[in-house]
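Working notes, structure below.
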Ligand SMILES: NC(=O)c1ccc[n+]([C@@H]2O[C@H](COP(=O)([O-])OP(=O)(O)OC[C@H]3O[C@@H](n4cnc5c(N)ncnc54)[C@H](O)[C@@H]3O)[C@@H](O)[C@H]2O)c1
């Protein structure tokens, strides 16, 4: 298949592209090296991929319709996996318009080109953040998600809605995947696990919000990629799937795992919770399991070990 991957230079995108190339797909990747974190890191993410003759890279912005049109004119595309977004909960509170612009206008542009160029398979990267502070656990796809507590979460819910409209109007097959906190090699530098490991290794203090009591359903990046590939293979109509590990742990217990795997004790400064942060994320991924054959297999202990091994090899 010829697959367009948006946000291909990012954390999840670069792993996904490697998997697609390994199984023989042709990948058209686009990324604008957005300044959320350094371009250098993203270029490193692309390092191996750029050498592959089945990979075609375009630098540009999903808000730029002429740029997008040129990609669709020049390449035969069978499916789109749309990962490009302004990610991150807390910064979305400072820059809500930018988040709406990239995550909503960008997504609508891609859906519009899907329709125009008759590309019937579309995968949209949604997020567990749409569940906000829902009080029944684990989260299920048919829970009410009308109360996002950050602009980022609101843009992901809105993305799911505009995807539905395009499915309804033009019969596009669309899977919206609600990823639960993804970690592993190349994790974005501002995310808790990569930041904590970096600071603990340097002997620096880490700031732990919500006094370490928040629960997160951490999901290893290869499990997420497997979920994306399965949703593409089984693309049929409009579906929302949770893609999560299903075993949430407290932040303070996560730090213990990191300390144990690094063999270093963390210096911890406890702080109150931050606006926009949810207390708990906990995936019920049984729909993905039943309909797609998805199962998350990497435990948090194994995943942290793999991540540290990757850092040591760099
Ligand atoms: N990492 C997680 O825990 C997580 C959880 C839930 C959902 N998601 C979603 O998964 C997707 C990938 O996340 P990630 O963690 O790999 O983030 P990332 O920031 O590493 O990757 C996103 C990529 O998109 C690119 N991009 C941003 N704006 C763009 C634009 N306007 N035009 C073109 N490219 C643009 C960035 O340069 C970056 O390379 C995002 O949609 C994110 O919201 C991630």
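In full-length UniProt numbering, the protein residues as written are 1 to 314.
Beta carbons: idealized from backbone N, C-alpha and C, even for Gly.
In this text, all values refer to a predicted model and were calculated from it rather than measured experimentally.
Taking the Cβ atoms as the reference, residue 151 lies roughly 20 Å from residue 214, outside the contact range of under 8 Å. The continuous alpha helix (DSSP H) containing residue 196 extends over residues 192-202. If you check the C-beta of residue 157 against ligand 1, you find no heavy atom less than 6 Å away.
Distances from the CB of residue 33 to the heavy atoms of ligand 1 include at least one below 6 Å.
Distance from the CA atom of residue 199 to the CA atom of residue 279, rounded to whole angstroms, is 23 Å. A heavy atom of ligand 1 is found nearer than 6 Å to the CB of residue 102. Per the C-alpha coordinates, the member of 232, 268, 209 positioned closest to residue 78 is 232.
As DSSP reads the structure, residue 178 sits in a beta bridge with 126, 242. Taking 7 Å as the cut-off, the beta carbon of residue 126 is found closer than this to the beta carbon of residue 160. Residue 115 sits close to residue 170, with the two beta carbons spaced by under 7 Å.
Set against 6 Å, the gap from the CB of residue 188 to the closest heavy atom of ligand 1 is smaller. If only complete runs of 3 or more residues are kept, the region 100-173 shows the beta strand (DSSP E) at 121-127, in order along the chain. Of the heavy atoms belonging to ligand 1, at least one sits nearer than 6 Å to the Cβ of residue 179. The residue from 8, 136, 66 with its alpha-carbon nearest to that of residue 43 is 8.
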